[in-house]
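Numbering (our numbering), first residue to last: 51 to 259.
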Amino acid sequence: MRAAIIEAARALDALGFMPSKSGNLSCRTAGGCLITPAGLPYAECGPEDLVEVAPDGGILAGHRRPSSEWRLHAAIYAARPEAGAVVHTHSPFATALSCARQGIPPFHYMIALGGGADIPCSAYATFGTAELAEACVAALAGRRAALLANHGAVALGSTLAGARTLAMEVENLARQYLALRAAGLAPVLLTEAELRGVFAQFGDYGRIT
Numbered sequence: 051m052r053a054a055i056i057e058a059a060r061a062l063d064a065l066g067f068m069p070s071k072s073g074n075l076s077c078r079t080a081g082g083c084l085i086t087p088a089g090l091p092y093a094e095c096g097p098e099d100l101v102e103v104a105p106d107g108g109i110l111a112g113h114r115r116p117s118s119e120w121r122l123h124a125a126i127y128a129a130r131p132e133a134g135a136v137v138h139t140h141s142p143f144a145t146a147l148s149c150a151r152q153g154i155p156p157f158h159y160m161i162a163l164g165g166g167a168d169i170p171c172s173a174y175a176t177f178g179t180a181e182l183a184e185a186c187v188a189a190l191a192g193r194r195a196a197l198l199a200n201h202g203a204v205a206l207g208s209t210l211a212g213a214r215t216l217a218m219e220v221e222n223l224a225r226q227y228l229a230l231r232a233a234g235l236a237p238v239l240l241t242e243a244e245l246r247g248v249f250a251q252f253g254d255y256g257r258i259t
């Protein structure tokens, strides 16, 4: 698990999704979650630098401070028993859209990977606070991904690979959506009936896990 978290963090950093030590990743453990540390560049981060945190913030294992967003991760795990991993990024296009406090509507069928008809944007709250954790959980109701107002994006999955893949797809959708708007084009949104067809197809192909 430690090696997988480090590999994912470095890969997302290399993509520009977690610039300047921003963003964080975690996996659920028996006692809480294993999360990336605060203030350490991912290129310099090793498996021994990860911190295991209890739901109340107590340090179960590790010699560093946990990410300032440990409350956000803990709140997601408490609210979503199916979540095995959480990926929080500051990827450029998703973050840009979050700064307008707008979500991503159903302009493309891949929106269904997020679990519903859109990728919503949370209410604003200061980073690292319980208020942000609460706003994030609320935005994730019925969803696997959400934008965080004036902040970034978050994705959950039953596995780290699933959460990472979803975080990458959220950024891709945000880029496409902003490209349409920048071109002055109004996207044609999928209808409820069309989305039902998408979910049926994804169920058959096993795309949603």
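Virtual Cβ for every residue (Gly too), placed ideally from N, Cα, C.
Predicted model only: the values in this text are computed from it and were never measured.
Residue nearest to G207 within the set E98, K71, I126 and F67 is I126 (criterion: CA-CA distance).
Taking C-beta atoms as the reference points, A191 and A173 fail to come closer than 7 Å.
By the Cβ-count criterion, V103 is buried, with 16 or more other Cβ atoms from all chains shown falling within 10 Å of its own Cβ. F252 is a Cβ neighbour of A162, given a cutoff of 7 Å.
As computed with DSSP, A195 is found in a beta bridge with A205.
Membership of T139 in the beta strand (DSSP E) is indicated by the continuous run A135 to T139. Assignment of N200 by DSSP, reduced to helix, strand and coil, places it in the coil class. Contact between the stretch 152–170 and the stretch 85–101 is not established, with fewer than three Cβ pairs separated by less than 8 Å. Between Q152 and the set A196, W120 and A175, the nearest pair of CA atoms involves A196. By DSSP's assignment, P87 forms a beta bridge with P116. Under the Cβ criterion (8 Å, minimum of three pairs), the stretch 138–148 does not count as touching the stretch 100–114. With contacts defined by Cβ atoms closer than 7 Å, T139 and A203 form a contacting pair. Secondary structure of V220 (DSSP, three-state): helix. At least 7 Å separates the beta-carbon of A58 from that of L216. The closest CA to that of A213, considering only T241, N74 and P170, is found on N74. L182 is positioned such that its CB atom lies closer than 7 Å to that of A175. The bridge partners DSSP lists for E102 are L84 and A111.
Ranked by how close their Cα comes to the Cα of E119, the residues C83, I154 and F143 have C83 in first place.
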